[in-house]
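Data first, discussion second: the structure below is written as structure tokens.
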Amino acid sequence: MMMMMLLMMMMMMMMMMMMMCWCCDDDADDDDDDDDDAADAAADDDAAAAAADADAADDAAADAADAAAAAVDMLMLLLMLMLLLLLLLMLMLMLLLVLVLLMLMLLLLLMMLMLMLLMLLMLLMLLMLMLMMLMLRRRRRKEGGGGGGGGGGGGGGGGGGEEEEEEDDDDDDDDDDEDDDDDDDDNDDEADEDEMMR
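Quick note on numbering: the sequence shown equals residues -23 to -1, 1 to 175 in mature numbering (1 follows the signal peptide of the UniProt record, and there is no 0).
Spelled out as structure tokens, the structure:
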């Protein structure tokens, strides 16, 4: 009986020990599971933080790229404006040159008109001189004729008429000499033409 009781007690002790071990194992397993869950949560948090940091870095890089692109666009716009201003300045200079050339042409035309007017004035003066010389010759001839008539009427007048007639004769001789010179010039011109034809 005593042995049976001891065996029963030992069995009870063993069962209790087994129960305790099982409980301890369950607690250990629970602790391990909790540790694993905590580690997984920490890993997830780290991954989320890393992803957030990567997203932030990507956003910063995108912002920097956008800022650089905007700066390049501004520089291109400034360059285009500068080129447009240069083109406008070149056009203004070309217009000024054209205006200066037009002014010079107008001045040249005015100078040519002035020269033509001067030439016309010279021609008019020559014509006036020729007319005056013709008028003087006619007057001399008339005065010579009048003096001759007066000489026929009176002796003194006749003497004066003879002098005037002598002057008229001198004028006629001069005219004849001029006509002879003109004839000689014509003959010389004809001879030159004949030589050229030969």
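Built from N, CA and C at the ideal position, the CB exists for glycine as well.
Checklist entry - Who are the near neighbours of M96 in its chain, counting only those whose CB is closer than 7 Å to its CB and skipping five residues on each side? => result none
Next on the checklist: Can you tell me whether M(-10) is buried or exposed? The criterion is at least 16 other CB atoms within 10 Å of its CB, across all chains shown.
Outcome noted: exposed
Next on the checklist: Which complete alpha helix (DSSP H) runs does the segment 47 to 78 hold, if anything under 4 residues is left out?
Outcome noted: none
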